[in-house]
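Notes for the one structure printed next.
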Amino acid sequence: MSCEKPEDVMPRKPRHDRGKTCHKCKTQPGQLIVRHFVYCKDCFFAHVHSKFRRQMPAREAYCQPEQEPSLSVAFSGGLGASVLLDLVARTYRREGARKPVWSPITAYYVETCAAYDGVPDAVEHVKEVVNGYRGIELVVLRLEDAFDTQTPLLALSLADERLPLSSSSSATPTDALRAHLAALPTPTARLQAISNLTYALVLRAAPSHAPILFGTHLTALAVSLISGVAHGAGYNLTPPARIVRPLCEISAKECAAYAHWRALRPLRSRGPPGMDSVLGITRDFIVRLDRDFPSTVSAVARTCAKVVPKRDSSSSAGAPLTCALCERPAQHGVLEWKTRTAIRSFSSDSEQDKTEGTAVAEELCYACHTMLTSRARVRGPSDVEQVLPVPSWTSSTIRARMRESVKDFILDDED
Amino acid sequence: MSSDALALKVEFTGGLELLFDNKKKYTVSLPRTTDDAPTNLTHLILWLKDNLLKERPELFVEERTVRPGILVLVNETDWELEGEGDYQLKDGDEIIFISTLHGG
Ligand SMILES: [Zn+2]
Ligand SMILES: [Zn+2]
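Protein chains in written order, with this note's numbering: chain H, 16 to 430; chain P, 62 to 165.
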């Protein structure tokens with residue numbers, strides 16, 4: 016067995032072919048190579064700013080009468096988010112700018128430390144960073160806010176892929192969050208859940224009529240698109256219109272150089288690097304691809320973004336469904352899909368009778384259902400039944416949909 | 062071994078410092094020649110791996126170069142413009158290793 020180095024098979028192209036002078040101004044010495052192009056520092060900043068501005072939505076689309084349109088920034092504190100916030104501040108909160116273009120501008124930070132062991136709370140650091148910019152407000156949320164235990168939370172039994180309802184015994188939001196993550200079958204599912212909860216919290220906190228900017232850079236976008244396909248999230252490759260990713264054409268390398276030269280202080284990623292997850296493996300693949308074939312990653316991202324799924328037409332499948340867990344659009348009939356695409360056996364009929372009417376699988380998108388049930392559990396006497404408390408919004412959506420399904424039978428008692 | 066040494070400033074950021082005792086800045090002294098050739102960036106990377114790296118070498122070095130996803134700046138210039146590992150180190154050079162993988 017030969018173990019050729021990749022270079023022997025596919026020779027890497029030279030990094031650049033235009034000498035060491037900036038290809039834009041043609042006078043200053045180059046300091047950074049971006050996809051075969053040589054930039055000096057000044058021209059690099061100009062290039063990043065212009066790519067950012069090109070992706071920003073037109074404020075006119077969000078104007079309310081007598082009011083400046085507001086802008087939300089999903090601020091994770093990470094590399095892309097730090098670059099994004101800096102670009103927003105420099106573009107819309109410039110010293111001496113005549114009139115605010117967007118007002119207010121609010122950064123939403125979700126503290127996720129409760130999801131990990133030994134990860135420190137970063138709220139103080141984030142406050143320092145955001146307050147360092149003039150005129151940007153900060154809203155701090157916590158991942159456990161997703162599990163408000165004031166109204167009892169529902170729970171799902173993961174032992175059955177129809178996901179029958181169960182009840183949650185978690186006393187506090189943090190308990191419920193930890194029980195939620197502990198019940199998930201794989202590291203991939205846990206990472207996905209943390210990202211889904213964060214996303215849903217920001218979307219719920221931000222004003223619904225304003226755009227929300229995410230700091231997803233090109234490299235991260237390619238990773239999430241490819242790992243999203245692997246998770247079965249193909250239906251959701253195109254986000255809702257109010258989600259904007261102004262860094263979608265700017266690579267991780269460009270972000271790192273920008274952050275270094277602007278002396279930004281991004282938070283390190285939370286939790287383990289995660290080569291045990293689909294995300295970690297995909298990231299490793301994309302980063303290698305990016306080094307050896309720098310134009311390919313943007314091609315991957317563009318191609319994936321063009322795969323616009325066919326949404327159900329209402330005639331064939333009823334009203335459009337929103338996933339009760341991640342709140343993204345979902346296709347009807349998750350279980351039907353799965354029985355058609357795989358050989359699987361359901362539990363005994365008697366069990367099915369017992370849980371019918373309260374199973375939640377059909378309220379979820381394909382990706383979430385897969386996340387909850389991904390590893391084929393070996394059913395046996397040692398198999399502990401896993402109970403997964405669901406977020407507050409999922410609990411209330413399920414209650415509402417259950418009420419809806421029985422409303423014709425409800426006898427109007429006095430209350 | 063040459064008596065005359067190169068003094069280099071080395072910095073790790075973006076999370077790479079975690080592999081180097083959670084310390085960002087080092088001053089490193091290397092001989093002017095290594096294996097009968099002028100000391101270059103590849104020699105520095107291997108020296109860092111053998112002498113300063115505390116854990117998980119696979120997150121820093123791969124096949125005698127840095128792992129993909131690490132940006133290297135030589136005196137604030139992309140090392141890809143300087144010949145990457147073949148760049149011959151000079152006294153007083155400042156080398157920064159930045160991980161681009163610290164999340165979005
Ligand atoms: Zn220039
Ligand atoms: Zn979902």
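Each residue gets a CB set at the ideal place from its N, CA and C atoms; glycine is no exception.
Shorter than 8 Å, the distance from the beta carbon of H:R343 to the closest heavy atom of ligand 2, or not? yes
Would H:I48 pass as an interface residue toward chain P - the criterion being a Cβ-Cβ separation below 9 Å? yes
Proximity to H:V238 [Cα-Cα], best of H:L216, H:R317, H:P255: H:R317
Taking only the alpha-carbon atoms, compute the straight-line gap between H:G372 and H:V405 and give it to the nearest angstrom. For H:G372, the pLDDT reaches just 47, beneath the cut-off of 50, and the residue's location in the model is therefore unreliable, leaving the point undetermined.
Distance between H:A267 and H:Y54 (C-alpha atoms, nearest Å): 16 Å
Leaving out five residues before and five after P:L120 in sequence, what residues of the same chain have Cβ atoms less than 7 Å from its Cβ? L80, R128
Do you know whose CA, among P:L77, P:E143, P:G75, P:L113, lies nearest P:S90's CA? P:L113
Applying a beta-carbon distance threshold of less than 9 Å, which residues of chain H neighbour P:L142? R30, H31, K35, P44, G45, Q46, L47, I48, V53
Of all the residues that make up the stretch 87-116 of chain P, which are near chain H by a beta-carbon distance shorter than 9 Å? none
Throw me the rounded Cβ distance for the H:L279 and H:S97 pair, which I believe falls under 8 Å. 5 Å
Our contact map puts H:V155 next to H:E126 with C-beta atoms below 8 Å; I'd like the distance itself, whole angstroms only. 6 Å
Taking the alpha carbon of H:P115 as the point to measure from, which residue in H:V259, H:R149, H:M417, H:E143 has its own alpha carbon closest? H:R149
Which parts of the stretch 154-236 of chain H are runs of the alpha helix (DSSP H), unbroken and 4 residues or longer, counting only runs that do not cross its ends? 188-198, 202-220
Which runs of the beta strand (DSSP E), 3 residues or longer, sit entirely within the stretch 84-137 of chain P? 86-92, 131-135
Should the stretch 75-82 of chain H be called in touch with the stretch 213-221 of chain H, which here means at least 3 C-beta pairs below 8 Å? no
Using only alpha-carbon positions, find the residue among H:S181, H:L168, H:H38, H:D163 that is nearest to H:L216. H:D163
With DSSP collapsed to three states, give me the class of H:R69. helix
Just to confirm, does H:C263 get its C-beta within under 8 Å of one of the non-hydrogen atoms of ligand 1? no
Through-space distance from P:D65 to H:T234, alpha-carbon basis: 43 Å
Between P:K84 and the rest of its own chain, which residues show a CB-CB distance below 7 Å, the 5 nearest in sequence each way excluded? E78
State yes or no: is the beta carbon of P:I156 nearer than 9 Å to at least one beta carbon in chain H? no
Cut-off 7 Å between Cβ atoms - residues of its own chain near H:R68, not counting five sequence neighbours on either side: T106
Okay, do the stretch 129-141 of chain H and the stretch 168-181 of chain H touch, 3+ Cβ pairs below 8 Å being the bar? no
For H:K35, which three-state DSSP category applies? coil
Answer with buried or exposed for H:Q207, where buried requires no fewer than 16 other C-beta atoms within 10 angstroms of its C-beta. buried
Looking at the strands, I want to know which residues DSSP matches up with P:E72. P:K86, P:I157
Starting from the C-beta of P:K151, find all residues in its chain whose C-beta is less than 8 Å away, skip the five residues before and the five after it, and write them out in chain order. L67
Strictly below 8 Å CB to CB, what residues from chain P border H:C270? T161
Can we count H:Y54 as close to ligand 1, meaning its CB is less than 8 Å from some heavy atom? yes
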